[in-house]
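Structure first, then comments.
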Amino acid sequence: MKKIIYFAAIAFLFTSCESYLDTESYTKKNTGNYPKTEGDAIQMVTGVYATLNKPVANVANTYFYAAELASDDRFGGGGENDKDMQVIDHLLYTNMDRFKSFWSDRYSGISRANMAVANLDKVENEALRDQLKGETLFLRSYFYNELAEMFGNIPLITSVPSNVTEAQQYPAQATPEQVYGFIAAGLKEAISIMPNKKWNETISGDGHVTKWAAQALLARVYLFYTGFYNKESLPLVDAEGNISGSITKAEVIAGLEDCIANSGNSLVTDFRSLWPYTNTLSKKDYPYAKTAPAWVKDGTNPEQVFSIKFSHLASWGTTIGYSNQYMLHFAIRSHGGAGQYKNLFPFGQGWGAGPVSPKLWNEWKAAEPTDPRREASILDGSQTKDYIYGGDKQMEESGFWQKKIVATTGAKTYKADGSLDALFNSFTSSTEYYGDGAADDFQLSHEVDLNVIRFADVLLMHSELTGTADGMNKVRARAKLPAVAYSVQALRNERRWELAFEGTRWSDIRRWGIAKEALTSQLGADIWNRGLATTMKNQGAGYAARYEATKGFMPIPQSEIDLSNGVLKQNPGWDPSAVFVSWNE
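Numbering (this note's numbering), first residue to last: 105 to 689.
The structure is reproduced here in structure tokens:
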């Protein structure tokens with residue numbers, strides 16, 4: 105019910121935001137009289153939240169998607185015509201406007217956030233005002249952080265244009281120092297004004313971010329900026345672009361310790377119960393999950409520090425982004441054979457993006473042979489019934505698939521002998537979860553939250569920043585693994601295992617300076633193209649050369665460069681030599 109209320113509010117905002125933010129009518133909502141009530145203020149901030157979901161309608165163009173497929177732990181995959189999946193893995197392109205929708209949607213969110221920040225001081229209730237302003241500052245910083253990691257030098261828009269002429273001027277690209285300094289300043293202010301409420305006690309409503317999420321995001325931003333750009337501290341920049349100070353490692357550590365001690369967030373008892381395959385509708389028929397506690401339902405999960413929410417209200421049109429389309433795209437495309445999805449139960453049908461590199465499976469097994477998280481995170485297709493390589497002419501198929509963010513089916517009816525008969529395309533369509541038992545679209549009915557920051561990540565970031573093993577060993581203890589002494593390699597391994605397929609690996613290998621080596625190590629891995637056994641090979645100039653040329657930044661949409669009349673400059677490495685034509689066998 106909470107999800108329905110949350111998304112009903114967002115649905116209203118999708119249709120009303122532009123009108124109330126832009127109109128000059130004195131009989132309607134405008135910047136002169138809005139927000140007037142506490143409800144108005146919540147509605148305005150909900151309009152900012154709405155843009156979290158909007159890019160998911162074009163999910164293959166999002167940063168999370170690109171980061172997953174570009175990392176060394178996953179390939180591009182898909183069918184032989186799904187070049188847009190394969191090009192990300194090899195840092196090549198087929199369309200220089202590929203990321204146009206993501207660019208536009210994130211800047212739309214920034215625009216709404218700027219409007220909210222400029223007007224929330226009208227709210228008289230100080231506690232609510234501070235909470236909502238803190239949420240807005242967090243979201244704006246989150247949007248900018250994704251853009252900065254994805255594109256590098258980006259335009260920095262810090263306020264609402266004061267007139268039409270200013271609004272029509274395309275802003276120049278800011279330096280990383282300016283962008284990350286503005287991100288940090290926003291998070292610092294959010295932390296200072298948001299109340300010390302537990303993660304599940306937010307006064308603005310279910311699913312809203314907290315002070316603790318801001319502290320965790322600040323740590324993530326600090327680690328990337330200081331690592332990737334080789335800096336000692338994170339700058340603070342004011343709205344005019346002036347350096348106003350810095351945030352030190354000690355301050356970031358103090359924030360994480362505050363989060364650990366006071367947020368109320370904690371690790372769930374069993375790693376498996378974080379993932380949808382342990383839902384009550386599926387686990388009883390999935391032998392691997394029978395001994396696991398039931399899935400910790402969205403909204404009740406103490407390990408969620410920040411997540412993007414989804415809803416059963418998704419439909420074709422403007423609300424596709426209400427559906428967790430990552431679950432569809434990352435699901436297994438086909439493995440052939442009769443009743444294939446019963447054989448794969450409870451993992452459902454999808455587009456086959458991001459098959460897992462066998463290198464991850466093998467290195468994990470060698471380093472931590474008793475780590476239960478490996479099988480909790482990765483499905484070995486060869487261990488399923490009647491697995492056939494090359495179903496639907498798949499490319500870069502490894503036979504390994506991640507189990508965390510994937511279409512998850514559930515039993516709908518049983519045969520007389522007790523075996524599975526009909527399946528829900530998504531277990532969430534059942535009345536046991538969020539559906540009515542009838543509406544069940546295999547493409548749309550995916551409403552499991554996307555975990556952006558988990559409490560386990562908070563503990564691991566604390567270990568990394570302090571050079572101590574305490575947080576890392578708490579994470580290991582949950583997996584019933586022995587404590588280890590702190591070392592850089594131990595920490596890096598722990599992040600790789602614990603957070604696999606959660607969007608962190610790409611930024612980690614970039615900030616640690618090991619991306620070129622890690623990407624090159626994919627060469628020679630066993631894969632199948634259209635059912636034919638082969639090995640992973642360099643495409644275009646090759647992994648090492650492409651990372652060296654691009655530093656991992658994606659191409660700025662060409663239409664935005666054209667629109668700017670040359671104000672925007674394309675990132676290095678994205679010239680015609682990087683065009684992907686076909687797979688080099």
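C-beta: ideal position from N, C-alpha, C; glycine also.
Would you call the CB atoms of residue i and residue j closer than 9 Å?
i    : j    : result
R596 : E172 : no
F375 : R600 : no
E336 : L378 : no
V372 : V400 : yes
R459 : G503 : According to the sequence displayed, residue 459 carries Pro and not Arg. Taking 9 Å as the Cβ cut-off, P459 and G503 qualify as a contacting pair.
D362 : Q429 : no
M565 : A323 : yes
G628 : L195 : no
I557 : L291 : no
V163 : F414 : no
V283 : Y326 : no
N334 : Y537 : no
E664 : K301 : no
G644 : F684 : yes
Y590 : G571 : yes
T423 : L417 : yes
W505 : F559 : no
G256 : N675 : yes
R477 : E602 : yes
Y381 : K387 : yes
P661 : R202 : yes
G452 : F546 : yes
W678 : Q190 : no
G494 : L636 : yes
Y329 : P280 : yes
N577 : Y274 : no
What distance in whole Å lies between the Cβ atoms of residue j and residue i, which are believed to be in contact at a cut-off of 8 Å?
i    : j    : result
A648 : K620 : 5 Å
Q277 : L672 : 6 Å
N218 : I261 : 7 Å
G331 : R615 : 3 Å
A289 : L340 : 5 Å
F605 : K508 : 5 Å
L623 : D176 : 5 Å
R437 : G421 : Between G421 and R437 the Cβ distance is about 25 Å, and since that is not below 8 Å, they are no contact.
M298 : Y167 : Not quite, the Cβ-Cβ distance comes to about 25 Å (not below 8 Å), so this is no contact.
N229 : E142 : 6 Å
Q626 : S461 : 6 Å
W632 : E501 : 4 Å
L243 : Y153 : 7 Å
R580 : V588 : 7 Å
I412 : L251 : At roughly 16 Å, the Cβ-Cβ gap does not stay under 8 Å, so I412 and L251 are not in contact.
S549 : G539 : 7 Å
L338 : S348 : With 8 Å as the limit, L338 and S348 do not qualify as a contact, their Cβ atoms being about 12 Å apart.
Quick one: give me the first and last residue of the alpha helix (DSSP H) that residue i is part of.
i    : result
Q674 : Taken as a continuous stretch (DSSP letters only), Q674 belongs to no alpha helix (DSSP H), as it is neither H nor E.
F559 : 559-570
W316 : 315-332
Q626 : It is not in any alpha helix (DSSP H) - Q626 carries neither H nor E in the DSSP assignment.
Y153 : 142-157
M200 : Looking at the DSSP string, M200 is not in any alpha helix (DSSP H), and its letter there is neither H nor E.
E172 : 167-174
R580 : 574-582
A470 : 462-471
W610 : 609-615
D697 : Not covered by the structure: residue 697. The range shown for the chain is 105 to 689.
I192 : 187-193
A601 : Looking at the sequence itself, residue 601 is Trp, so the reference to Ala does not match. Taken as a continuous stretch (DSSP letters only), the alpha helix (DSSP H) holding W601 covers 592-602.
Terminal residues of the continuous beta strand (DSSP E) containing residue i?
i    : result
V341 : 338-341
D98  : Within the shown structure, residues of the chain are numbered from 105 to 689, placing residue 98 beyond reach of any answer.
G349 : 347-351
Segments of 3+ residues assigned as beta strand (DSSP E) that fall wholly inside the region 632-663: As far as the region 632-663 is concerned, its whole beta strand (DSSP E) runs of at least 3 residues are 636-639.
Three CB pairs or more closer than 8 Å across the region 531-539 and the region 506-520: yes
3-residue-minimum beta strand (DSSP E) runs that sit fully inside the region 207-251, ordered along the chain: none
Segment contact flag, the region 204-213 with the region 520-529, C-beta cutoff 8 Å, min 3 pairs: no
Three-pair Cβ contact test at 8 Å for the region 235-250 versus the region 185-192: no
Stretch-stretch touch, CB-based, cutoff 8 Å, three pairs: the region 246-265 with the region 631-643: No, the region 246-265 does not touch the region 631-643.
Segments of 4+ residues assigned as alpha helix (DSSP H) that fall wholly inside the region 256-324: 268-271, 280-297
The region 480-489 touching the region 447-457, judged by at least three CB pairs closer than 8 Å: In short, these stretches touch, since the Cβ pair count reaches three.
Unbroken stretches of the alpha helix (DSSP H), 4 residues or longer, contained in the region 406-433: 429-433
Whole alpha helix (DSSP H) elements within the region 476-535, 4-residue minimum: 477-481
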